[in-house]
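Under numbering that gives the first Met the number 0, the residues of the sequence shown are numbered 0 to 332, in order.
Beta carbons: idealized from backbone N, C-alpha and C, even for Gly.
Taking it in order: structure first as structure tokens, then the write-up.
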Amino acid sequence: MQRLTPTLRNDQVDEALISVINSLQTCAKEISFRVGQGELAGVLGSTLSENIQGETQKKLDILSNQLIKEILLECQHVAAVASEEEEGIVLGHPEGEYLVAFDPLDGSSNIDINSMVGTIFSILPVPQDGPRDASMFLQPGRNQIAAGYILYGPSTMMVFTTGKGVRVLTLDQTVGEFLVTNLNLTIEPETTEFAINMSNFRHWQEGMQNYIDDLLAGTSGPRAKNFNMRWVAAMVADVHRILCRGGLFAYPWDARSMDKPYKLRLLYEGNPMAWLVEQAGGAAHSGEERILDIVPTDIHQRVGVILGARNEVATCLRYLRYEEGSQLDSKPV
Ligand code: AFP
0 MQRLTPTLRN DQVDEALISV INSLQTCAKE ISFRVGQGEL AGVLGSTLSE
50 NIQGETQKKL DILSNQLIKE ILLECQHVAA VASEEEEGIV LGHPEGEYLV
100 AFDPLDGSSN IDINSMVGTI FSILPVPQDG PRDASMFLQP GRNQIAAGYI
150 LYGPSTMMVF TTGKGVRVLT LDQTVGEFLV TNLNLTIEPE TTEFAINMSN
200 FRHWQEGMQN YIDDLLAGTS GPRAKNFNMR WVAAMVADVH RILCRGGLFA
250 YPWDARSMDK PYKLRLLYEG NPMAWLVEQA GGAAHSGEER ILDIVPTDIH
300 QRVGVILGAR NEVATCLRYL RYEEGSQLDS KPV
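Set out below in structure tokens:
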């Protein structure tokens, strides 16, 4: 089975980018080891602090952030990093060609129940002009050069794209190397499975409520088929399932707080997952526009997310555009 570097070379990825991705691979092995040790590593549980998003920080969140930051900043090709756990960006090498945005440990509330968590990353080019500050990161997701995630589950997997399809590697714990286990993940356009936090139903727009109502109605409703629901509560694991066996994932607009009407972050959650899903033949939308076309105004910006099976995303968007959701078939996408 092939290792990571030859896979990247086959994809004509340049040596500088290979070096950045290899650094992420090193981070993944370190974090995987600590996640695997669980209670024994003494890193489970929460700290007393909150991150920039106002969320309680888990000890492993902080440790993973520190590890990734240090390892990436040692790489001469990394000009700066932006992390969910850092208020501002951290500058690296002045000559570096790449910017890396990351969520060091997505789904960290799963840590204490020994369930799946992951690291999500997005690599952007350093813009040719402009100041060396956070504005470098304010590029639409379609500019990404590489993106992906590392899933710490029963096995540790690295799933990424450089724009040539979705590659999957599995960490062989016996030799400590990631080996290619799937060279081209694809998502079927149709599905009968969805992932959404149903407890937020009352906070959604009417169109989203109508859409979910019709999924729940199954064969007796207008969709005329039964749907199944899954929710891991870690985007990395929910998107992994969709890449592996299809489905629709949504974390839509939410009326709980008009300041933060969305939960997920654009730079290090929405954009990398949107690109992976599009590369697999699926679709990824904010509810208002294609996620990859959004020009960010802040590195910690939040975004609505509806992604997965192409035809199901299109159906969901029809409900959102026509709030009443009835007579759906007679209305255009
Ligand atoms: P945490 O990293 O704070 O656990 O948040 C994970 C996450 O941002 C995303 O990965 C999940 O899809 C979403 O939150 C789950 O949120 P709820 O189940 O709490 O609605």
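- In the three-state scheme derived from DSSP, where H, G and I count as helix and E and B as strand, Phe136 is classed as helix.
- The segment 192–205 makes no contact with the segment 74–85: fewer than 3 CB pairs, one atom from each, lie closer than 8 Å.
- Of all C-beta pairs linking the segment 104–118 to the segment 25–42, three or more are shorter than 8 Å, placing the two stretches in contact.
- Secondary structure of Ile119 (DSSP, three-state): strand.
- Secondary structure note for Asn64: its alpha helix (DSSP H) is the uninterrupted segment Lys58 to Glu73.
- Cβ-Cβ separation between Ser82 and Asn64: approximately 5 Å, consistent with a contact (criterion under 8 Å).
- For Arg309, the secondary structure class from DSSP, reduced to helix, strand or coil, is helix.
- Note on Pro5: under 16 other CB atoms within 10 angstroms of its CB, so exposed under the neighbour-count rule.
- No heavy atom of the ligand AFP is found nearer than 7 Å to the CB of Ser18.
- Taking the Cβ of Lys262 as the reference point, at least one heavy atom of the ligand AFP falls within a distance shorter than 7 Å.
- In the assembly as shown, Lys68 is a buried residue. Its beta-carbon has 16 or more other beta-carbons within 10 Å.
- Of Glu84, Met156 and Gly95, the smallest CA-CA separation from Asp60 is found for Glu84.
- When the alpha-carbon of Leu62 is set against those of Gln1, Thr118 and Ala78, the nearest one is in Thr118.
- Check the Cα spacing between Ala78 and each of Pro124, Pro271, Glu86 and Leu39: the tightest is with Pro124.
- Assignment of Thr180 by DSSP, reduced to helix, strand and coil, places it in the strand class.
- In this chain, the alpha helix (DSSP H) harbouring Pro5 covers Leu3 to Asn9.
- Within the same chain, Cβ atoms closer than 7 Å to the Cβ of Thr296 are found at Leu137, the five residues on either side in sequence being excluded.
- Comparing alpha carbon positions, the residue from Thr161, Met257, Val312 and Gln278 closest to Asp10 is Thr161.
- For Phe120, the closest of Val302, Leu275 and Ala279 by C-alpha to C-alpha distance is Leu275.
- Fully enclosed alpha helix (DSSP H) runs of no fewer than 4 residues occupy 270–278 of the segment 246–312, in order along the chain.
- Counted as a single uninterrupted DSSP element, the alpha helix (DSSP H) harbouring Arg244 occupies residues Met234 to Arg244.
- With a threshold of 7 Å, the Cβ atom of Asp105 counts as near the ligand AFP, since some heavy atom of the ligand is closer than that.
- In this structure Ile112 is exposed. Its beta-carbon is surrounded by fewer than 16 other beta-carbon atoms within 10 angstroms.
- A distance criterion of 7 Å places the beta-carbon of Ala233 in contact range of the ligand AFP, judged by its closest non-hydrogen atom.
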